[in-house]
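Student: Mind having a look at this structure? Questions to follow.
Residue numbers (this note's numbering): 157 to 294.
In structure tokens, the structure reads:
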């Protein structure tokens, strides 16, 4: 079980690294006024999204393995709350794809300030998830 947990943590940490950086690229895309810079940033965002998506899938798979295979947290309130937050995190990941598609089509209507705030959501989710896992309040 410890190897499964180690891989779960590795993939989740890597996924979060991408979730922290991708919206920062969106900030720069919203500010870019040069086509060459915009194309470069867009390429970075696309490659990062393609890299972080398998990490997300693997992180969730290993987490489900811990939950379903080993019963870790089963029938405990903190785990149910964590799973709900992970669903929200997956939704955020998918929304990042929608933003990327809009940037690719140059139909983004949001400002760099919006993306600076948008970038804070995974930080909040990480804080809540870590608090649930470590403290296990219910």
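Heads up, the beta-carbon is just placed ideally off N, CA and C, and yes, glycines get one too.
Rounded to a whole number of angstroms, what is the C-alpha to C-alpha distance between residue 188 and residue 182?
Tutor: One C-alpha to the other measures close to 10 angstroms.
Student: Considering only residues of the same chain and omitting the five flanking positions on each side of residue 266, which have a CB-CB separation below 7 angstroms?
Tutor: Closer than 7 angstroms at Cβ, skipping near neighbours: 186.
Student: For the alpha helix (DSSP H) holding residue 199, just list the boundary residues, first then last.
Tutor: Per DSSP, residue 199 belongs to the alpha helix (DSSP H) from 191 to 220.
Student: Which value, in whole angstroms, describes the spacing of the CA atoms of residue 269 and residue 200?
Tutor: Answer to the nearest angstrom: the Cα atoms are 20 angstroms apart.
Student: Check for me: the alpha helix (DSSP H) holding residue 170 runs from which residue to which?
Tutor: From DSSP, the alpha helix (DSSP H) with residue 170 extends over 158 to 187.
Student: Expressed to the nearest angstrom, what Euclidean distance is found between the alpha-carbon atoms of residue 281 and residue 245?
Tutor: Roughly 7 angstroms between the two C-alpha positions.
Student: Taking all protein chains shown into account, do 16 or more other C-beta atoms lie within 10 angstroms of the C-beta of residue 179, making it buried, or fewer, making it exposed?
Tutor: By the neighbour-count rule (16 or more Cβ atoms within 10 Å), residue 179 is buried.
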